[in-house]
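Its first residue numbered 228, the sequence shown is counted upward by one per residue in the working numbering.
Where is the CB? At the ideal position from N, CA and C, for every residue including glycine.
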Amino acid sequence: MTSQSLLDGLVASARPLAAQGKPADYIPALARSDPGAIGAAVMHVDASLVVCGDARVPFSLQSVSKALALPYVIDSLGEEEVFSRVGKEPTGDPFNSIIRLEASRLKRPYNPMINAGAMVVTSLMPGATVEEKLGAFSRYAAPLLGVARLDLDQEIRDSEAATANRNRSIAWFLRDLGLLGAEVELTLDAYFGQCALLVDAVGLAHYGAVLARDGLEPGSGRRLMSPRAARVTKGLMQSCGLYDGSGEFCVEAGLPAKSGVGGGILASARNRLGIGTYGPALDIRGNSLAGVHIIAGLSKGLDLFCL
Ligand code: GLU
């Protein structure tokens with residue numbers, strides 16, 4: 228079991244690190260996040276919870292939504308449909324890179340954890356309108372995050388939509404390659420919407436605990452997602468979940484994890500627990516400085532390495 232003092236100590240030692248980074252500002256609404264905020268939550272598979280700091284402060288999922296959209300589409304359409312359009316390999320490139328779409332032999336995104344692959348996944352979400360797509364996705368994702376419903380931050384969504392020239396370029400390129408399952412604007416609207424859904428560190432810890440038991444709700448053991456969707460998602464989190472910092476994070480923490488530029492990180496330790504962290508001060512790759520420190524510290528302190 229995780230002790231309160233271990234978590235408190237890691238949050239305290241993360242504070243000076245956070246001063247070395249800053250919130251994402253390429254989405255203007257995110258630049259207003261408090262760079263000094265730090266929160267962490269650990270949920271064990273029996274549903275017992277340990278929290279510290281700003282663990283209940285809401286923030287937008289951003290790329291952590293990729294670790295929810297992927298299993299949703301796998302559970303809705305089947306794995307073959309998804310992976311006929313997107314690969315399972317890391318890139319070592321930044322999350323929003325477009326370069327390999329044309330330069331590589333594959334002519335499809337390398338994995339669903341980079342923006343290009345995530346947009347393909349979003350385009351496949353069932354539904355003819357953005358409301359239908361996001362409504363059904365939210366109904367799948369809410370129990371995984373341990374909440375009754377998911378709210379969307381409209382200001383963050385609009386702020387991203389107004390400035391997303393690079394994501395628009397990627398989406399049009401994907402259309403040219405014939406990889407999108409929906410029209411470009413619908414895909415982009417749904418993608419910005421899933422990124423703007425609000426969560427907190429406790430919610431991420433809950434999902435980490437679900438993944439820890441391959442899809443079973445912490446405590447009750449109720450099945451929330453297929454074991455295969457959980458396995459595939461964890462495999463891609465392990466290899467591709469922290470952008471072009473995934474290899475280094477794997478060496479330090481040895482856990483499947485997914486970060487987002489909203490400041491959240493989700494991690495999962497098999498049969499043990501889930502971890503959720505919040506710290507909007509990011510390193511140059513877009514990963515939360517405090518979050519990486521806290522998860523690596525928990526992994527060492529609790530011997531969570533899966534490798
Ligand atoms: N909505 C963000 C984007 O597509 C998510 C990026 C992230 O969290 O890595 O740029």
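Which whole-angstrom value describes the C-beta separation of S515 and S486, a residue pair presumed to lie in contact below a C-beta threshold of 8 Å? 6 Å
Under 8 Å: does the beta carbon of N323 sit that close to some heavy atom of the ligand GLU? yes
Reduced DSSP category for S232 - H, G, I as helix; E, B as strand; rest coil: helix
Is G373 helix, strand or coil by DSSP? coil
For P243, is the classification buried or exposed, using 16 other Cβ atoms within 10 angstroms of its Cβ as the cut-off for buried? exposed
Does I383 get closer than 9 Å to chain C when you measure Cβ to Cβ? The structure shown has no chain C; it contains just one protein chain.
Distance between I522 and M346 (C-alpha atoms, nearest Å): 28 Å
Beta strand (DSSP E) segment containing V277, residue limits: L276 to G280
R283 by DSSP, collapsed to three states: which one? coil
State the CB to CB distance for the pair A220 and G491, rounded to an integer number of angstroms; the pair is presumed to be in contact (CB under 8 Å). Because the chain here runs from 228 to 534, residue 220 falls outside it and cannot be looked at.
Going by beta carbon distance, what residues of the same chain come within less than 7 Å of A417, once the five residues before and after it are set aside? T349, M352, V357, K360 and L361
D235 to C279 span [Cα, whole Å]: 6 Å
Cβ of F400 within 8 Å of any heavy atom in the ligand PLP? Because the ligand PLP does not appear in the structure shown, any question about it cannot be addressed here, the ligands present being the ligand GLU.
Can you tell me whether N498 is buried or exposed? The criterion is at least 16 other CB atoms within 10 Å of its CB, across all chains shown. exposed
Under 8 Å, with one C-beta from each stretch per pair, do the stretch 313-329 and the stretch 438-445 reach the 3-pair mark? no
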